[in-house]
Amino acid sequence: MSFDPESKKYKMCYSRRGKAVIFNHDSSKNPRPGSSVDVKKLVNTYESLGFQTKVHKNLKFQNIKSKIKKLSREDFSDADCLCITVLTHGLSRNYVEASDVAYKVHELWTPFTDDKCKSLAGKPKLFIIQACRGDKRDCGTILNNEGGTETDNGESYTIPSHADFLLAYSSVEGTVSFRNKESGSWFIQMLCDELQKNAAKMDFLKLLTTVSRKVALDFETENEYNPSCHKNKQVPSVVSTLIRDIHFTSAGDKSSGNQNQIDAIQDMAGKCELSADGLQDRNSDRLAPNTPGTPILEEKGCTSYNSMAACYPMHSQKSVASVSSNANDMTDMPNPYNPLKDHVGTSHAKMPVGKESKEYNMSQHGIAVVFNNGTNDPLSGSKYDENKLIQTYENLGLKTELHNNVTMADIQSKIENLSKENFDDAACLCVTVLFYDANSETMRALENLWTHFTADRCKTLAGKPKIFIIQARRGKHVDSGVDNVRSTCSETDGRKMYRIPNHADFLLVYSTAKDCVAWRDSEKGSWFIQSLCDELQSNASELDLLKLLTNVSRKVALHHQSSDDQMSRRNEQKQVPCVVSMLIRDVYLRPKT
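To convert, note that position 199 of the sequence shown is 199 in the UniProt record's numbering; the numbers rise steadily by one, no gaps.
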């Protein structure tokens, strides 16, 4: 592949769009009413975007694995991208179900890394997962308004094998996902609506932020017969290692060269669009157990029962695919027969921005907290990162707090105390951790720091962006990369209240892909932090943060590689950051005047 490494957009003008493969699981043994509605709309949407679409129904794990393996060996040289969608039951720890066993999501995407599927190298690989990811319910937090508120020179370049991925989950890790048996799932329906209306006009990552906002704000369950099933919320989770923007064009552009099919797509969207209350009975405040509008969990065992008291997650008694994990991966699986013990009622918080606003309210100063555990090691390069971070955050008007020489226990203690502070006067929170000797246990702890700041636990940050930036290794795998040759070719709603999911408004940014090392120069600092600061200083006023982070990923992925002639395994290695977003609006970090 591909083209100019400095391009800000993926090349979407090959002779064909690519393949969209859908794995749908809705057998009589594992019923998922409404899934066929999702499939129909997905097929229409993907075909309108020019994809060659294929649907597989109720496959066993080995059949899925075989299809994926065969697909990864196809030639995508003349294709823009690949899109794989899975509609199924799900478990925690990123397990999803085939018709016979459960398997991990990574079984779907790892065969397509650039070193394994070279004809997709440098091209976007989209993975959309409609499934539960655990059994926790999100009761939401109500926000109250309390009175104020392209060149071609034939050169080659190297890209990381883990670059160019986007994983979009219907719900956050550990939480359930909802589907209506007549109208389909909240997430897939909103995704299709947005793609049909805005695919030609909007970058895909930005589009997914719009999808997240609609799922988070326009939907909630309605079941007064069972409080644990009443007014539950959901927010999608997007994992990205993209290094460019994605702009889809319509199918007509592929065949006729017509540059504008937006009107046709919008017309289709108008015919298919769901109303905000399409998943509940508009004529009654209460829903009987078998009312057609009753939302159901994206897991079997949660369809309509004689008593809605049965409406809590019920995991299947399937075995876990032995090729996916060992028994230790399943030790924290929830009890499949008991309602959640940690279920709590709805909480309230101040409204920082109107419901329909497309941007977070960043008019106040934000708070930046930096943890650095590497200052005692002169070779760590952490001081360079620390200095540039402090300068960058202060230039952006963030009130910055620095903690040096901290252990993991120190960080956890300070984070817990931080979550109890009052952030009424803050626009956002940005926590940055520079940890230069992170083992697997430490990394698990780092990846869970954000959980202290969910809207129900830290109400003064409810509805505000909470950004977590982790500079640390996430494993021992080294990414050798593949060679890639260029080719020619705000408005508020007055005093109205609205409910948001407790897990909304998060952005987690990791310096490297999961299980991979992160690289650092002992004199110049780490690739990721330095590139991040450069971009923030140059473009924070102009670019939405997700778009800015795509630029950061591109710079880290394409402008850096390790150099160590004495040790081949450390020479010419690559890295790409990983962004996990539960944001429902754009973030603009404009400097204060």
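All C-beta atoms in this analysis are idealised placements derived from N, C-alpha and C, irrespective of residue type, glycine included.
What's the C-alpha gap between Asn439 and Val517? Their Cα atoms are separated by approximately 11 Å.
Looking only at C-alpha atoms, which of Val39, Tyr95, Asp410, Lys231 sits nearest to Tyr169? Ranking the options by Cα distance to Tyr169, first place goes to Tyr95.
Please identify the residue among Val576, Asn551, Asn44, Thr550 whose C-alpha is closest to the C-alpha of Ser562. That would be Val576, whose Cα lies nearest to the Cα of Ser562.
I think Met362 touches Ala427, with their Cβ atoms under 8 Å apart; what is that distance to the nearest whole Å? 5 Å between Cβ atoms; contact.
Might you give, ordered along the chain, the residues of its own chain that have their beta carbon closer than 7 Å to the beta carbon of Ile64, omitting 5 neighbours on each side? Same-chain partners within the cutoff: Phe23, Ala98.
Beta carbon of Ser27, beta carbon of Asn58: below 7 Å? Asn58 is positioned such that its CB atom lies closer than 7 Å to that of Ser27.
Check whether the Cβ atoms of Thr241 and Cys13 lie closer than 7 Å to each other. Against a cut-off of 7 Å, the Cβ pair of Cys13 and Thr241 comes out as no contact.
Alpha-carbon spacing of Lys125 relative to Ile411, whole angstroms: Within the model, the alpha-carbon separation for Lys125 versus Ile411 is close to 35 Å.
Who are Val369's beta bridge partners in DSSP? Paired residues: Glu401, Val431.
Taking the alpha-carbon positions, what's the Gln471 to Lys464 distance? If I take the Cα positions, the gap works out to 23 Å.
Tell me whether Ser553 is buried or exposed, calling it buried when 16 or more other Cβ atoms sit within 10 Å of its Cβ. Buried is the call here.
Is the CB of Gly134 under 7 Å away from at least one CB in chain B? The structure shown has no chain B; it contains just one protein chain.
Here's the rule: buried if 16 or more other CB atoms are within 10 angstroms of the residue's CB, otherwise exposed. What is Lys524? Within a 10 Å sphere around the beta-carbon of Lys524 sit fewer than 16 other beta-carbons, which makes this residue exposed.
Exposed unless 16 or more other CB atoms sit within 10 angstroms - verdict on Gln234: Under this definition Gln234 is a buried residue.
So is Met567 buried or exposed if we call it buried at 16+ other beta carbons inside 10 Å? Exposed is the call here.
Identify the continuous beta strand (DSSP E) that holds Val105 and give its terminal residues. In the DSSP assignment, Val105 falls outside any beta strand (DSSP E), carrying neither H nor E.
Can you give, in chain order, each stretch of the alpha helix (DSSP H) that sits fully within the UniProt domain "Caspase family p10" (155-250) and has at least 4 residues? Runs found: 186-198, 204-218.
Give the DSSP-derived three-state secondary structure of Tyr46 in the structure shown. If DSSP states are grouped into helix, strand and coil, Tyr46 belongs with the helices.
Range of the contiguous alpha helix (DSSP H) that encloses Tyr384: Per DSSP, Tyr384 belongs to the alpha helix (DSSP H) from 382-395.
Indicate whether Phe127 and Leu120 have their beta-carbon atoms separated by less than 7 Å. Contact: no.
Less than 8 Å between the CB atoms is what I'm expecting for Asp544 and Val587, so what's the real figure, rounded? Correct: roughly 6 Å between the Cβ atoms.
Please go through the UniProt domain "Caspase family p20" (16-136) and give each complete alpha helix (DSSP H) segment of 4 or more residues, from N-terminal end onward. Contiguous alpha helix (DSSP H) elements confined to the UniProt domain "Caspase family p20" (16-136) occur at 35-48, 61-72, 106-109, taking only those with 4 or more residues.
6 Å CB neighbourhood of Lys555 in its chain, flanking five on each side removed: For Lys555, where only same-chain residues beyond five positions count, the Cβ hits under 6 Å are Ser531.
DSSP state of Ile415, grouped into three classes? Note: Ile415 maps to helix in three-state DSSP.
Rounded to a whole number of angstroms, what is the C-alpha to C-alpha distance between Thr331 and Arg133? Caution is warranted here: a pLDDT of 25 is assigned to Thr331, below 50, making its placement in the model unreliable, and the coordinate value is therefore given only provisionally. The straight-line gap from Cα to Cα measures roughly 15 Å.
Is Lys574 helix, strand or coil when you go by DSSP? Three-state DSSP puts Lys574 in a strand.
Return the first residue and the last residue of the beta strand (DSSP E) that Lys466 is part of. Boundaries of the beta strand (DSSP E) harbouring Lys466: 466-471, taken from the DSSP string.
Supposed close pair Leu507, Ser581 - CB separation, criterion 8 Å: Right, the Cβ-Cβ distance comes to about 5 Å (below 8 Å), so this counts as a contact.
In whole angstroms, give me the CA-to-CA distance for Glu182 and Leu583. Spanning the two alpha carbons is a distance of roughly 28 Å.
State yes or no: is the C-beta of Phe187 within less than 7 Å of the C-beta of Gln130? Contact: yes.
Just the C-alpha distance for Leu279 and Asn180, rounded to the nearest angstrom, thanks. Summary for Leu279: the model assigns pLDDT 27, below 50, so the residue's position carries little reliability, and this model does not support an answer.
Here's a check: name, in chain order, each residue in its chain whose Cβ is nearer than 6 Å to the Cβ of Lys399, leaving out the five neighbours to either side. His365, Ile367, listed in sequence order.
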